[in-house]
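>
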Amino acid sequence: MKIYNTLTRKKEEFVPLEEGKVRMYVCGPTVYNYIHIGNARPMIVFDTVRRYLEHKGYAVNYVSNFTDVDDKIIKKANEEGVEPSVISERYIEEARKDMESLNVREATCHPKATEEIDGMIEMIRTLIEKGHAYEVNGTVYFKTRSFADYGKLSKKNIDDLQAGHRDIKVTGEDGKKDPLDFVLWKPKKEGEPSWPSPWGEGRPGWHIECSEMSKKYLGEQIDIHAGGEDLIFPHHENEIAQSEACNDKEFARYWMHNGFLNIDNVKMSKSLGNFFTVREIGEKYDLQVLRFFMLSAHYRSPLNFSAELMAAAKNGLDRILTAVDRLKSVDGVDREPDAGEVAQLEALKGLCEKFDKAMDDDFNTADAVSAIFEMVKLANVSVNNDSSNVFVKKVLMTIVEYCDIIGVITDKKEEMLDADIEALINERQAARKAKNFARADEIRQQLLDQGIILEDTREGVKWKRA
Ligand SMILES: [Zn+2]
Numbered sequence: 005m006k007i008y009n010t011l012t013r014k015k016e017e018f019v020p021l022e023e024g025k026v027r028m029y030v031c032g033p034t035v036y037n038y039i040h041i042g043n044a045r046p047m048i049v050f051d052t053v054r055r056y057l058e059h060k061g062y063a064v065n066y067v068s069n070f071t072d073v074d075d076k077i078i079k080k081a082n083e084e085g086v087e088p089s090v091i092s093e094r095y096i097e098e099a100r101k102d103m104e105s106l107n108v109r110e111a112t113c114h115p116k117a118t119e120e121i122d123g124m125i126e127m128i129r130t131l132i133e134k135g136h137a138y139e140v141n142g143t144v145y146f147k148t149r150s151f152a153d154y155g156k157l158s159k160k161n162i163d164d165l166q167a168g169h170r171d172i173k174v175t176g177e178d179g180k181k182d183p184l185d186f187v188l189w190k191p192k193k194e195g196e197p198s199w200p201s202p203w204g205e206g207r208p209g210w211h212i213e214c215s216e217m218s219k220k221y222l223g224e225q226i227d228i229h230a231g232g233e234d235l236i237f238p239h240h241e242n243e244i245a246q247s248e249a250c251n252d253k254e255f256a257r258y259w260m261h262n263g264f265l266n267i268d269n270v271k272m273s274k275s276l277g278n279f280f281t282v283r284e285i286g287e288k289y290d291l292q293v294l295r296f297f298m299l300s301a302h303y304r305s306p307l308n309f310s311a312e313l314m315a316a317a318k319n320g321l322d323r324i325l326t327a328v329d330r331l332k333s334v335d336g337v338d339r340e341p342d343a344g345e346v347a348q349l350e351a352l353k354g355l356c357e358k359f360d361k362a363m364d365d366d367f368n369t370a371d372a373v374s375a376i377f378e379m380v381k382l383a384n385v386s387v388n389n390d391s392s393n394v395f396v397k398k399v400l401m402t403i404v405e406y407c408d409i410i411g412v413i414t415d416k417k418e419e420m421l422d423a424d425i426e427a428l429i430n431e432r433q434a435a436r437k438a439k440n441f442a443r444a445d446e447i448r449q450q451l452l453d454q455g456i457i458l459e460d461t462r463e464g465v466k467w468k469r470a
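Numbering of the sequence shown is given in our numbering, commencing with residue 5 and proceeding in unit increments.
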């Protein structure tokens with residue numbers, strides 16, 4: 005199996021540190037709002053990588069953090085007049101719900117930065133002792149030039165970086181000895197969360213959080229470190245500097261990065277108004293469609309989100325789900341498979357190999373998905389009520405199994421979309437107004453059958469999923 009390693013800019017044969025085991029760390033979201041579809045891409049991509057590694061027989065220890073102390077969280081907390089932890093806890097809960105809807109499996113461990121402060125302080129202390137960091141007025145900086153390999157991931161030359169930094173003066177960082185140095189620990193500001201440390205009350209810098217959580221839950225050396233390509237510099241470059249300077253060991257063997265997500269060929273940004281949360285997309289589409297859409301391209305390619313491409317993804321997914329539903333309802337014959345069926349099973353095996361071959365080539369999900377489409381075609385053409393039950397079952401199980409490797413759910417009843425629910429509620433209100441109570445009751449029952457519970461309140465009709 006080959007993985008494209010950002011560190012070497014090459015596809016390399018994957019050899020884990022320990023046979024049969026994979027230690028993998030994926031940088032998680034900063035929880036100050038609902039996750040957006042740019043956050044969803046690494047979640048889906050690396051969940052698929054994990055699922056495939058497990059399919060290959062590896063035991064995967066998969067760690068993905070929540071960054072729950074950050075300027076954006078503090079800002080939001082101040083706006084709402086609550087503690088920052090109220091904001092972070094709320095959006096961790098919401099992120100977990102979205103991940104479930106995207107069929108992103110729970111990590112082996114989801115550490116929170118605020119619960120790991122002691123370990124971060126320990127790492128910073130070691131970096132100071134080894135001469136890689138220094139403290140000025142309660143701020144601790146990493147001495148970037150003390151780490152000879154700085155720039156090896158992003159392929160940036162330290163002297164070019166220096167030139168770029170010459171005129172930049174960041175307020176509050178006057179004590180920096182070198183503009184390239186970055187913050188490991190910052191002193192407390194009024195109204196901000198803080199923890200005691202040997203350098204006074206304060207909080208950690210973002211980069212040290214991941215270095216510490218990766219070390220604590222996976223060890224000093226890991227197999228795969230992953231995230232969006234926007235994290236290569238400075239976040240991952242700084243993680244490497246901190247971890248390797250502290251532990252004197254190569255940090256991660258393989259660095260994986262997913263490409264950008266654009267909206268209608270434009271970069272997603274709040275200021276351009278083309279910014280979507282996963283929750284918003286979930287009001288228009290089943291989130292399984294979003295997952296399937298994201299896997300339709302190679303994870304390293306930029307991906308363009310548009311209504312047309314989502315419609316195409318929905319069609320493709322429907323084709324698979326319709327085939328699976330039909331296979332479930334086929335009433336076959338109790339006999340041994342005949343020669344024709346044996347040949348089809350041989351062809352099916354070939355398609356499984358085709359799927360594996362695509363995934364072995366740096367997780368080419370686009371080609372893996374087309375192997376699944378070929379399985380569906382084989383099923384549509386060769387399975388009918390005259391087929392042997394053994395054959396029907398084998399075809400069904402294979403498609404379900406391979407869909408599961410990419411995280412596509414085949415046995416889920418389609419959930420009603422929020423928009424459809426609202427439309428029915430409006431129709432029910434109109435029916436009641438017209439004194440057509442029979443129709444109103446009928447709609448209430450129809451929604452109940454779908455697990456939607458209505459509640460008539462003073463403020464109008466409220467609904468929830470059972
Ligand atoms: Zn990180």
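By construction, the Cβ of each residue, glycine as well, lies at the ideal position given by its N, Cα and C atoms.
Using alpha carbons as the reference points, say which of Asp322, Asp390, Arg295 lies closest to Glu340.
Measuring from the Cα of Glu340, the nearest candidate turns out to be Asp390.
> Checking the sheet assignment: what are the DSSP bridge partners for Pro33?
Pro33 pairs with nothing; no bridge assigned.
> According to the Cβ coordinates, are Ile409 and Arg55 closer than 7 Å?
Cβ atoms of Ile409 and Arg55: closer than 7 Å.
> Can you give, in chain order, each stretch of the alpha helix (DSSP H) that sits fully within the segment 177-265 and has at least 4 residues?
Complete alpha helix (DSSP H) runs here, min 4: 210-222, 241-251.
> Taking Lys76 and Thr34 to be in contact with their CB atoms under 8 Å, please state how far apart those CB atoms are, rounded to whole angstroms.
About 6 Å; that satisfies the 8 Å criterion.
> Find out if the Cβ-Cβ distance for the pair Cys241, Ser150 is shorter than 7 Å.
At residue 241 the sequence reads Glu, which differs from the Cys that was named. It is not a contact, given that the beta carbons lie outside the stated cut-off.
> Does the beta carbon of Cys250 fall short of 6 Å from some heavy atom of ligand 1?
Every heavy atom of ligand 1 is 6 Å or more from the Cβ of Cys250, so no.
> Could you check whether Cys31 and Val67 sit closer than 7 Å to each other, using their CB atoms as the reference points?
Contact: no.
> If you follow the alpha helix (DSSP H) that Phe359 is part of, which residue opens it and which one closes it?
Segment 343-364, the alpha helix (DSSP H) holding Phe359.
> Given 8 Å as the limit, is there contact between the segment 261-277 and the segment 303-314, that is, 3 or more CB pairs closer than that?
Yes, they touch.
> Ligand 1 and Cys4: does the residue's C-beta get closer than 6 Å to at least one heavy atom of that ligand?
Nothing about residue 4 can be reported from this structure: the residues present for the chain run from 5 to 470 only.
> Rounding to the nearest angstrom, what Cα-Cα distance links Leu452 and Val73 in this structure?
Their Cα atoms are separated by approximately 41 Å.
> If I measure Cβ to Cβ from Asp342 and keep anything under 8 Å in the same chain, skipping five residues before and after, which residues do I get?
Result list for Asp342: Ser392, in chain order.
> Among the residues of its own chain, which have a CB less than 8 Å from the CB of Arg323, if the five just before and after it don't count?
Cβ neighbours of Arg323 beyond the five flanking positions: Phe377, Val380.
> Whole angstroms is fine: what's the gap from Val144's alpha carbon to Asp460's?
Distance between the alpha carbons of Val144 and Asp460: 57 Å.
> Expressed to the nearest angstrom, what Euclidean distance is found between the alpha-carbon atoms of Ile425 and Lys288?
Each residue's alpha carbon lies about 12 Å from the other.
> I'd like to know if the segment 247-263 and the segment 6-13 are in contact, where contact means that at least 3 CB-CB pairs between them fall below 8 Å.
In short, these stretches touch, since the Cβ pair count reaches three.
> Taking 6 Å as the cut-off, is the beta-carbon of Cys407 closer than that to any non-hydrogen atom of ligand 1?
Result no, Cβ not under 6 Å from ligand 1.
> Start and end of the beta strand (DSSP E) containing Tyr66?
Per DSSP, Tyr66 belongs to the beta strand (DSSP E) from 63-68.
> Taking Tyr154 as the reference, give the member of Glu84, His239, Ile457, Glu133 with the closest Cα.
Closest by alpha carbon: His239.
> Report all residues from its chain with a CB closer than 7 Å to the CB of Ile228; omit the five preceding and five following residues, and keep chain order.
Counting only Cβ-Cβ distances below 7 Å, and skipping sequence neighbours, we find Val26, Met28, Ala256, Tyr258, Met260.
> Can you tell me whether Arg109 is helix, strand or coil according to DSSP?
Coil, per DSSP.
> Per DSSP, which residues does His40 bridge with? Please list them.
DSSP lists Thr281 as partners of His40.
> Could you tell me which residues DSSP puts in a beta bridge with Tyr56?
BP columns for Tyr56 are empty, so no partner.
> Given this structure, state the Cα-to-Cα distance separating Glu139 from Trp203, to the nearest angstrom.
Their backbone Cα atoms lie some 7 Å apart in a straight line.
> Please report the residue range of the beta strand (DSSP E) in which Asp138 lies.
Rather than Asp, the amino acid found at residue 138 in this sequence is Tyr. Start and end: 137-140.
> Look up Leu307 in the DSSP assignment and give the residues it is bridged to.
According to DSSP, Leu307 bridges with Leu265.
> List in chain order: all unbroken alpha helix (DSSP H) runs of 4+ residues lying wholly within the segment 427-457.
If we require 4 residues or more, the alpha helix (DSSP H) runs fully inside the segment 427-457 come out as 441-453.
> Which residues bound the alpha helix (DSSP H) around Gly464?
No alpha helix (DSSP H) holds Gly464; the beta strand (DSSP E) holding it covers 464-469.
> Please go through the same chain and pick out, in chain order, the residues whose beta-carbon is closer than 7 Å to the beta-carbon of Ile128, but skip the five residues on each side of it.
Excluding sequence neighbours, Ile128 sits near Ala137, Val144, Leu188, Trp189, Ile212.
> Here's the rule: buried if 16 or more other CB atoms are within 10 angstroms of the residue's CB, otherwise exposed. What is Ser215?
Classification of Ser215: buried, given that the 10 Å Cβ count is 16 or more.
> Rounded C-beta distance between Gly4 and Arg295? I'm assuming under 8 Å.
Nothing in the structure corresponds to residue 4, since the chain is present only between 5 and 470.
> Does Ser333 pass the burial test, meaning 16 or more other C-beta atoms within 10 Å, or should it be called exposed?
Counting Cβ neighbours within 10 Å, Ser333 comes out exposed, since fewer than 16 surround it.
> Out of Met217, Ile267, Met363, state which residue places its alpha-carbon closest to the alpha-carbon of Asp122.
Checked all of Met217, Ile267, Met363; the closest Cα to Asp122 is Met217.
> List the whole-angstrom C-beta distance separating Ala423 from Val399, where the pair is believed to meet the contact cut-off of C-beta under 8 Å.
Ala423 to Val399, Cβ: 35 Å. No contact.
> Which residues does DSSP pair with Thr71 in a beta bridge?
Thr34.
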